[in-house]
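Asks: Under my numbering, the first residue of the sequence shown carries the number 545, and numbering increases by one thereafter.
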Amino acid sequence: MKKWYLKFHRWIALTFSLPLLVVLVTGLILSVEPWLIDRAVKPGTLTADRIEALLAQHDPQGKARMLGYRSYDHALMIGVDRRNSTTVDVETGAALPGQSGLTAFLITCRRLHETLMLEARWLVIASTAAMLVLSVIGILMGLPRINNTLGGWHKAMAWFLLPLILLSPATALLMAMGVGTGGGFGGPPGAGSRGAAPMPLMEAVRVLGDKYDLAGLLFLRQAGDRYIVRLDDGGEFRAMSVSRTGVTMLPRNWPRLWHEGNFAGLWSSLMNLVISVAMVGLLVTGVWIWLRRQIRRRARRAASRPARA
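#1: Consult DSSP for GLN605 and reduce its assignment to one of helix, strand or coil.
#2: Along the chain, where does the beta strand (DSSP E) containing MET545 start, and where does it finish?
#3: Could you give the DSSP three-state label for ARG774: helix, strand or coil?
#4: Suppose you measure from the CA of ALA648 to the CA of TRP834; what does that come to, to the nearest Å?
#5: For SER785, does the count of other Cβ atoms within 10 angstroms reach 16, so buried, or fall short, so exposed?
#6: Does GLU577 come out as helix, strand or coil in the three-state DSSP assignment?
#7: Could you pull out every residue in the same chain whose Cβ sits closer than 6 Å to the Cβ of THR589, ignoring the five residues on either side in sequence?
#8: Does DSSP classify TYR867 as helix, strand or coil?
#9: With DSSP as the reference, identify every bridge partner of MET793, one or two as the case may be.
#10: Given this structure, state the Cα-to-Cα distance separating ILE556 from VAL680, to the nearest angstrom.
#11: In whole angstroms, give me the CA-to-CA distance for THR693 and GLY612.
#12: If you follow the alpha helix (DSSP H) that ARG845 is part of, which residue opens it and which one closes it?
#13: Below 8 Å between beta carbons: does that hold for PHE609 and GLN766?
#14: If I measure Cβ to Cβ from LEU580 and keep anything under 7 Å in the same chain, skipping five residues before and after, which residues do I get?
#15: Between PRO713, GLY778, PHE552 and ARG836, which has its C-alpha nearest GLY682's C-alpha?
#16: Nearest to ARG614 by CA position, among GLY623, PRO604, THR631 and VAL624, is which residue?
#17: Check whether the stretch 632-646 and the stretch 661-675 are in contact - that is, three or more C-beta pairs closer than 8 Å.
#18: Using three-state DSSP, classify SER712 as helix, strand or coil.
#19: In the DSSP output, what is LEU706 paired with across the bridge?
#20: Is GLY637 closer than 8 Å to GLN601 when the C-beta atoms are compared?
#21: Out of curiosity, what's the CA-to-CA distance linking ALA846 and TRP832?
#22: Could you check which residue in VAL791, ILE690 and SER812 has the C-alpha nearest to that of LEU801?
#23: Taking Cβ to Cβ, would you say ASP757 is nearer than 8 Å to PRO587?
#24: Just to check my reading of the structure: MET743 and GLU596 have Cβ atoms closer than 8 Å, yes? What is that Cβ distance to the nearest angstrom?
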C-alpha cells in the first residue's frame, strides 16, 4: 500500500507543481507584510484632525466612502472604492501619482497568490486542496527513516513541521468556503438599519479615533449605515464595526488571522515565513528527487542498450 501512496504523492505533486510554486513563493513574500505594517505603525502619526484636513483638501464634496492606510508608505487612500480613489502623502498632503513600488509589488503578489493573475481562483483552490492531500498521504506513508540525504531532509522537514504545514492549506480552504467571514467584514453593503441616514465618513473617523490610535488603521469602508474597519491593534489585525453608537468588535475570523499570520505581530509573521520556506523547500526537493531519479533511470537504460556496430 505504501508503494501506491508514494505514487499518488509523487504524481499529485508533479501535476500541481507549477501553480503550487507560484502560490507558495508569493505566500512566502506576503508572510512578511503583516510585520512590515506593524513595525511601521508609529502612534500619533495619523489623527482624526489630520484625516479631516486631507478629506477637506482632496474630497471637498464629501463623496468618499472608503479610507485605506499603508503605514509603511505613510500614504492614505481616499475614495468611493479602491478603483476610484486618490492616494495622498499623509505628511505633505500632496496627491501621489500612484502606488509605491513596494505596494505595487505586494498587490501583484497577492493577485498571483489568489488568482494566478489569470482569474484562475478555481486552480488556486484545487492546488491548495492538493497540498492538503499531499500532507495526508505523507502521514499515511508512516514515520520515515531520516538520514542525511536530500530525501531524508525532505521527510524531516515534512514531519517536524507537520502541524504548521497542515495549517496553511486547511485555513486557506476554510477561507475559500467562507468559514469565519462573518468575523471579518460583516454583511454586504447596505446591511444595517433600513431607512437610517448614512453615517458621514468623517463622523466614523471621529468615533473610531476616540477609542483607537488611527495610526494602526488598515481600511475603513461604508456598509449601509455603518462602517467596517480593520485596524492593527497591538499586532493583531482586528475587524470592527463603527456606527453612531460607537465601535463594536466583530468576532475574530480565525482562518484568515492564522492564514495571513496577522494575529501576533512579528511572531505570527515569522511563523508564516517558516511555514512558507518549508513548503517551498518540500516542493523543490520533491521535484528534484523525482528529476534525479528520472535522469538516473535513463542513464541506466542507455548503458544497458547494446552498442551499435
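Ideal Cβ placement from N, Cα and C applies to all residues, glycine included.
Replies: Straight from the coordinates:
#1: DSSP, reduced to helix, strand and coil, places GLN605 outside both helices and strands of the structure shown, so it counts as coil.
#2: Neither: MET545 is in no beta strand (DSSP E) and is coded neither H nor E.
#3: In the structure shown, ARG774 adopts extended strand secondary structure according to DSSP, grouped into three states.
#4: Approximately 36 Å, taken between the alpha carbons.
#5: Label assigned to SER785: buried.
#6: Helix at GLU577.
#7: These residues qualify, in order along the chain: ALA759.
#8: Nothing in the structure corresponds to residue 867, since the chain is present only between 545 and 853.
#9: Beta-bridge analysis with DSSP links MET793 to MET784.
#10: ILE556 and VAL680: Cα-Cα distance of roughly 12 Å.
#11: So the alpha carbons of these two residues sit roughly 49 Å apart.
#12: 809-848 is the extent of the alpha helix (DSSP H) around ARG845.
#13: According to the sequence displayed, residue 609 carries Arg and not Phe. Their beta carbons are under 8 Å apart, which means ARG609 touches GLN766 by this criterion.
#14: For LEU580, the CB contacts under 7 Å within the same chain, skipping 5 residues up- and downstream, are TYR616 in chain order.
#15: For GLY682, the nearest C-alpha among the options comes from PHE552.
#16: Ranking the options by Cα distance to ARG614, first place goes to THR631.
#17: These segments do not touch.
#18: SER712 falls in the helix class under three-state DSSP.
#19: LEU706 is not bridged to any residue.
#20: With a cutoff of 8 Å on beta-carbon distance, GLN601 and GLY637 are scored as near each other.
#21: Looking at the two C-alpha atoms, the distance is approximately 21 Å.
#22: Relative to LEU801, the option among VAL791, ILE690 and SER812 whose CA is nearest is SER812.
#23: In this structure, PRO587 lies closer than 8 Å to ASP757 by Cβ.
#24: About 15 Å; that fails the 8 Å criterion.
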